[in-house]
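To start, the structure itself, in structure tokens.
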Amino acid sequence: MIAFDSSFTMTIDGKGEEGAATLPVINPATETLVAMSPDASMAQLDQAVEAARRAFPLWRARPLAERQETLRRMGEAILAHLDELKRLLTSEHGKPHADAERELRGAAYWCATYAGFSLPERVTLDTPERRSVTRRVPIGVVGAIAAWNFPITLASWKVVPAILAGNTVVLKPSPFTPLTTLKIVELWREILPPGVVNVISGGDALGPAMTAHPGIDKITFTGSTATGMKVMAGAAETLKRVTLELGGNDPAIVFPDVDVEATARDLFWAAFANNSQICVAVKRLYVHEDIYDAFAKALVDYAATVKVGDGAEQGTGIGPIQNRPQFERVMALIEDARRQGLAFLSGGIGRPEGKGYFVPLTVVDNPPDDSRVVREEAFGPVLPLLKFKDTDEVIRRANDSEYGLAASVWTKDGALAEEVASQLDAGTVWINETRVMSPFTAFGGHKRSGIGVENGEEGLLEFTNVHTTVTRRQAPQA
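According to our numbering, the sequence shown is numbered sequentially starting from 45.
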């Protein structure tokens, strides 16, 4: 059993390692200390990379069936410790227990599902003179950097396909949410050969050091666009492969033929689940003018029924903002909206009293398109509700963003939905739903929302190089 007061160690070459120093991990609902997390030194980063490099030739040589079976056992280990892990995840992240369990079950499902994937092999030329075969081979050592909003989900999206493809991994969780990741990889020590998955935790200096490290062959990163640009610049020095899943300012477009009450409920969770700390949360909600007032009332009325509080308390639907820096950014955005004289349908009040990084669910009433609450990704519970009249107009407004991660269209008119969806500049467009992710479906962004994809066969191939063999069967006839 895993106890909250147990020690937390990194995993390097299959063994537990304390950090050169420690960092505090704070419960965002109570602002109390959960535990001290290891803070890796640069020498320990070198050790983790060296362990991964030593393990790589043996791991890539393992038959695919063995790597698949290893993934199954990794997922089973998560499920076997589900109760302890979900409580730990809630304590460091703040999300309700039900959401923490859902995230952990999702990671186990990714392990089990990817265990059924294989790498493609294509015969690209087959003539009497010559045969050409293109295969996919592992890249080498993967540096995986996960964000704090879904620490286990994002780690699994990186680690699982990477090791299935035959790579080895050095994983770095966010310093805000390292504990559950450290414990899961500790469980995996009994399953994985030493060095295949190493996990090191630490502060702000560790990520750039991984990006620049000559022993790492690929970086897969989830985080802000600003940080992603720095990752890409650092990776350029050694021509590392990169996969970057970055920011989003995702629009939802609601046409007047929807069931207002039901759609308002669905879009409430699309916007505010995980306290809006989701890259593909609805962050701009365009509602047709014919139903705008009714929709706004239904949305605000439903919001009033959802409990915001400590994720460890029964009945909590939405927890706190995960960390103080993000809390301060969200509060500054709300304060800017007040200074600009924008109207609020809910929230919009000043700094809450008491402990915890809690922000009232805030809905802004039809702000100008050039306001900060529309242009910027809040990554917190601040939702602009925007009125539109014309379909071409709303498509133009929805596409008027530097981001292009995801979008959604809501209407009973299937032809209209398909037509609008085809014109939205986003990596994923959902129709009458949002945030449905699958290990079978590729996920990635357009514009400044990222480079490359995760999930699906396409995501698996991100962890491979192309290897083509051309065989000359006989000399051409004179």
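Don't be surprised by glycine CBs; every beta carbon is placed ideally from N, CA and C. Every value quoted in this text rests on a predicted model; they were computed, and no experiment measured them.
Where the alpha helix (DSSP H) containing residue i begins and where it ends
i: Thr-134; result: 126–137
i: Phe-402; result: Element bounds for Phe-402: n/a, residue is neither H nor E.
i: Arg-441; result: 435–443
i: Ser-466; result: 458–467
i: Phe-339; result: 336–347
i: Gly-251; result: 250–256
i: Ala-317; result: Where Ala-317 is concerned, there is no enclosing alpha helix (DSSP H), given that its DSSP letter is neither H nor E.
Alpha-carbon spacing of residue i relative to residue j, whole angstroms
i: Ile-56; j: Val-214; result: 9 Å
i: Glu-437; j: Asn-293; result: 18 Å
i: Leu-449; j: Arg-174; result: 43 Å
i: Phe-316; j: Phe-423; result: 10 Å
i: Ala-279; j: Ile-263; result: 8 Å
i: Glu-462; j: Gly-398; result: 47 Å
i: Phe-507; j: Ala-381; result: 43 Å
i: Arg-111; j: Ile-207; result: 7 Å
i: Val-510; j: Trp-474; result: 32 Å
i: Pro-252; j: Glu-502; result: 26 Å
i: Met-273; j: Phe-265; result: 11 Å
i: Ala-109; j: Asp-310; result: 41 Å
i: Pro-428; j: Glu-62; result: 45 Å
i: Gly-291; j: Arg-419; result: 12 Å
i: Arg-104; j: Asp-143; result: 35 Å
i: Lys-341; j: Gln-366; result: 29 Å
i: Leu-123; j: Thr-74; result: 28 Å
i: Ser-85; j: Asn-242; result: 14 Å
i: Gly-494; j: Val-324; result: 13 Å
i: Pro-107; j: Phe-487; result: 28 Å
i: Pro-101; j: Asp-434; result: 59 Å
i: Lys-491; j: Thr-287; result: 14 Å
i: Ala-249; j: Arg-373; result: 22 Å
Neighbour-count burial assignment, residue i, 16 or more Cβ in a 10 Å radius
i: Val-514; result: exposed
i: Gln-518; result: exposed
i: Arg-328; result: buried
i: Lys-351; result: exposed
i: Phe-194; result: buried
i: Lys-227; result: buried
i: Glu-281; result: exposed
i: Gly-160; result: exposed
i: Thr-76; result: exposed
i: Thr-269; result: buried
i: Thr-171; result: exposed
i: Arg-180; result: buried
i: Glu-165; result: exposed
i: Glu-357; result: exposed
i: Ala-47; result: Residue placement at Ala-47 cannot be trusted, given a pLDDT of 42 that sits under 50; what the coordinates show is reported in the next sentence. Classification of Ala-47: exposed, given that the 10 Å Cβ count is below 16.
i: Gly-458; result: exposed
i: Lys-130; result: buried
i: Glu-147; result: buried
i: Gln-91; result: buried
i: Gly-385; result: exposed
i: Ala-314; result: buried
i: Pro-68; result: exposed
i: Val-480; result: exposed
Inter-residue CB distance, residue i and residue j (contact presumed, cutoff 8 Å)
i: Val-326; j: Thr-455; result: The pair is not a contact, with the Cβ atoms about 15 Å apart (cut-off 8 Å).
i: Ala-99; j: Gly-239; result: 3 Å
i: Gln-88; j: Ile-244; result: 6 Å
i: Arg-233; j: Gly-58; result: 6 Å
Residues near residue i by beta carbon distance below 6 Å, same chain, minus five either side
i: Gly-353; result: Thr-360
i: Gln-467; result: Ile-439
i: Gly-391; result: Pro-404, Leu-405 and Thr-406
i: Trp-154; result: Ser-200, Val-204 and Pro-483
i: Thr-66; result: Met-80 and Asp-83
i: Glu-305; result: Ala-342
Same chain, Cβ closer than 8 Å to residue i, five either side skipped, listed in chain order
i: Ile-235; result: Thr-114, Arg-117, Met-118 and Ala-121
i: Ala-442; result: Pro-295, Ile-297, Arg-328, Tyr-330, Ala-451 and Leu-468
i: Ala-190; result: Leu-198, Ala-199, Lys-202, Leu-215, Lys-216, Pro-217, Ser-218, Thr-225 and Thr-266
i: Phe-312; result: Leu-343, Tyr-346, Ala-347 and Val-350
i: Thr-512; result: Thr-168, Ser-176, Val-177, Thr-178 and Arg-179
i: Asn-71; result: Leu-77, Val-78, Ser-135, Glu-136 and Gly-138
i: Phe-432; result: Ile-297, Tyr-330, Val-331, His-332, Glu-333, Val-438 and Arg-441
Delimiting residues of the beta strand (DSSP E) encompassing residue i
i: Ile-297; result: 294–298
i: Leu-290; result: Taken as a continuous stretch (DSSP letters only), Leu-290 belongs to no beta strand (DSSP E), as it is neither H nor E.
i: Ile-263; result: 262–266
i: Trp-474; result: 472–475
i: Glu-395; result: Just to set this straight, residue 395 is Arg in the shown sequence, not Glu. Premise fails: Arg-395 is in no beta strand (DSSP E) and is neither H nor E.
i: Glu-61; result: 59–61
Cβ neighbours of residue i in the same chain (closer than 7 Å, five flanking residues each side left out)
i: Ile-393; result: Pro-404
i: Phe-402; result: Val-352, Pro-364 and Pro-396
i: Ser-445; result: Asn-293
Beta carbon proximity, residue i to chain D, threshold 8 Å
i: Pro-258; result: The structure shown contains no chain D; it holds only a single protein chain.
Cβ-heavy atom distance, residue i to the ligand SAH, below 7 Å
i: Met-375; result: The ligand SAH is not part of the structure shown, which contains no ligands of any sort.
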